[in-house]
């Protein structure tokens, strides 16, 4: 329950600022799959330079680590992999913020995000197909088996509600077919 309130601490501030966002990574994997421990939340933001002062105001420095506006601006100018962190001082809970940039998978996921209930609040989650694809990519990059475990749990929990054809197509396009096969064989 503590993680829920920590996640909502961040998402409620994005909501208040009118910043389009979606939760992905381990928190989305937990919602779609099965519970496990995590000490951060991964969030994709769709922002412009006009949002930067809203972010720095929403995360005051006496309560949060928030990078200077210029750092956020530099990350926003990256076409791909723009990234910064926000950290709550009193808990150490961290939000890894990824910027949608020109990444077509991010853009598709933002258009397909799902409004879901976490605790007492509605939040935006990345579609499970996106979460599965990204977790396969993270597995390929770092060989951390927690990503495969999360994928298998999501597959078991979501069964018939996933667009398997889309996952297979995106996996083929991104060179992830062997990892996808490994995940499906574990069911």
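Residue numbers (the working numbering): 30 to 216.
We put the beta carbon where it would ideally sit given N, CA and C, even for glycine.
Treat the numbers as computed from the prediction; the structure is a model and nothing was measured.
Here residue 191 is not near residue 165, since their CB atoms are 7 Å or more apart. Counting only runs of at least 4 residues, the region 53 to 88 fully encloses the following alpha helix (DSSP H) elements, listed from N- to C-terminal order: 54 to 61, 81 to 87. Looking from the CA of residue 101, the closest CA among 168, 77, 120, 55 belongs to 77. Following the DSSP letters along the chain, one finds residue 166 inside the alpha helix (DSSP H) bounded by residues 157 to 171. A distance below 6 Å between beta-carbons, with the five flanking residues on each side excluded, links residue 176 to the following residues of its chain, in chain order: 164, 167, 168. Within the region 113 to 155, the runs of beta strand (DSSP E) that reach at least 3 residues and sit entirely inside it are, in chain order, 123 to 128, 143 to 147, 150 to 154.
Residue 159 and residue 70 have their alpha carbons spaced roughly 16 Å apart. Taking all protein chains shown into account, residue 148 has fewer than 16 neighbouring C-beta atoms within 10 Å of its C-beta and is therefore exposed. A direct Cα-to-Cα measurement between residue 98 and residue 203 gives close to 33 Å.
With a beta-carbon spacing of about 6 Å, residue 212 and residue 181 fall inside the 8 Å limit used to define contacts.
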